[in-house]
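The sequence shown: position 60 = 60 (this note's numbering), numbered continuously. Glycine included, C-beta positions come from ideal geometry on N, C-alpha and C.
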Amino acid sequence: MTVITKLADESKKEIQELKELIVKEFSTYSPYQKYFLFGDNEIIKHKGQLTNEQITELIKENITFTCCALRYLRARDFKLEKAHQLLKGTLQWLEEFKPYQFRSKQMRGDSLYVHGFDKWNRPLVRMNPSKQKDFNSELQIKTTVYALQSAINRMEDPNLGQLSWFVDFEGFQMKHSPSLSVCKSVIDILLNHFVERLGYCIVVNAPKAFHWLWSLLSPFIPSVTKEKVKICWSSDKEEQLKFLKQFIDLKYVDKKFCDESEFEFNHEEIWNEDEELDNKRVEKLKKFGVVFE
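In structure tokens:
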């Protein structure tokens, strides 16, 4: 059974139409644009050796291209032109922002990293704002984009998968707050370029300031995305653990929440593992023809 089996015929038609637009523009995509959208795909491995006719035939039944088209169409309520413009916006962002250049060794902080999985086997991007030490806006955005990429690299199937956020505000004070412009930029990147990648955003120890921040940011967030944000307002540890059990396996819950868990943040272990995965990512991209500066 394919991803689109249960979709209405009209939706299937729009998926096919978007895939046809992709075929027409495929030869103009850079190696990294192809990899970002379609991953480690046999069509991309031919590196331009196929004719448009051959590409068209291969893409027709290719699940990777179907999933990409489906994500962008879902993000724009299956409106073909809007989905196509969203896709083109991602291509432009990739060309200008060059996220493939971000390396693990540049991002080794304690406030944002990837570890573990939620109950649906989605990688967990873990965030503790109180541990933020560098408030450079550009670095904060780059670190977030790197974490998103790192999570995708850990997916069982990067073409189909989603990720979840786990945000722990313990120890948070207003001085730890990112600027509103950084928050808006991150939301824009997540919604418009990491399209349909969010599983859940799980929040604990939310301070009073979070109410204020959430009220400012929520108008910029689609209702379907807001439904994915799950917040535990209780400060009681038993209530927090009960809440977390709904979304995260105990072995990935921080030990401070659960004595049964073995996970405690260790900077060197987390980032040494990440750097190893990052090095593999870079070698794979080079084989696809991506040039690093």
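Where does the unbroken beta strand (DSSP E) through residue i begin, and where does it stop?
i: residue 27; result: Run containing residue 27: none; DSSP gives neither H nor E here.
i: residue 117; result: 112-117
i: residue 198; result: 198-204
I need the straight-line Cα distance from residue i to residue j, nearest angstrom please.
i: residue 349; j: residue 161; result: Residue 349 lies beyond the range of the chain shown here (1 to 293); nothing can be said about it.
i: residue 84; j: residue 237; result: 46 Å
i: residue 249; j: residue 52; result: 46 Å
i: residue 108; j: residue 150; result: 13 Å
i: residue 283; j: residue 103; result: 12 Å
i: residue 117; j: residue 263; result: 12 Å
i: residue 285; j: residue 233; result: 42 Å
i: residue 152; j: residue 276; result: 15 Å
i: residue 185; j: residue 143; result: 12 Å
i: residue 295; j: residue 22; result: Missing from the structure shown is residue 295; the chain here goes from 1 to 293 and no further.
i: residue 3; j: residue 68; result: Legend: pLDDT at residue 3 = 44, less than 50; position of this residue unreliable, no value from coordinates given.
i: residue 1; j: residue 40; result: Interpretation of residue 1 is limited by its pLDDT of 36, a score under 50 that renders its predicted location unreliable; no figure is taken from the coordinates.
i: residue 235; j: residue 222; result: 28 Å
i: residue 253; j: residue 171; result: 18 Å
i: residue 201; j: residue 207; result: 16 Å
i: residue 288; j: residue 279; result: 15 Å
Taking DSSP's pairing of strands, which residues face residue i in a bridge?
i: residue 126; result: 113 and 166
i: residue 248; result: 118
i: residue 254; result: 263
For residue i, count the other beta carbons within 10 Å of its own beta carbon; 16 or more makes it buried, fewer makes it exposed. Which is it?
i: residue 193; result: buried
i: residue 54; result: exposed
i: residue 199; result: buried
i: residue 164; result: buried
i: residue 37; result: buried
i: residue 290; result: buried
i: residue 292; result: exposed
i: residue 174; result: exposed
i: residue 204; result: buried
i: residue 115; result: buried
i: residue 246; result: exposed
i: residue 92; result: exposed
i: residue 157; result: exposed
i: residue 106; result: exposed
i: residue 168; result: buried
i: residue 220; result: exposed
i: residue 28; result: exposed
Starting from residue i, trace the alpha helix (DSSP H) in both directions and tell me its first and last residue.
i: residue 208; result: 208-217
i: residue 296; result: With the chain covering 1 to 293 only, the question about residue 296 has no answer from this structure.
i: residue 274; result: 267-287
i: residue 188; result: 180-192
i: residue 76; result: Here residue 76 belongs to no alpha helix (DSSP H), and DSSP marks it neither H nor E.
i: residue 262; result: No alpha helix (DSSP H) holds residue 262; DSSP gives it neither H nor E.
i: residue 145; result: 137-153
i: residue 52; result: 52-60
i: residue 223; result: 223-226
Margin query: Three or more C-beta pairs under 8 Å: does that hold for the segment 170-187 against the segment 75-90?
Written below: No, the segment 170-187 does not touch the segment 75-90.
Next item on the list: Would you check if there are 3 or more beta carbon pairs closer than 8 Å linking the segment 128-140 to the segment 267-285?
Entry: These segments do not touch.
Notebook entry, point to check: Looking at C-beta atoms only, is the number of pairs between the segment 212-232 and the segment 111-128 that lie closer than 8 Å three or more?
Noted result: No, the segment 212-232 is not in contact with the segment 111-128.
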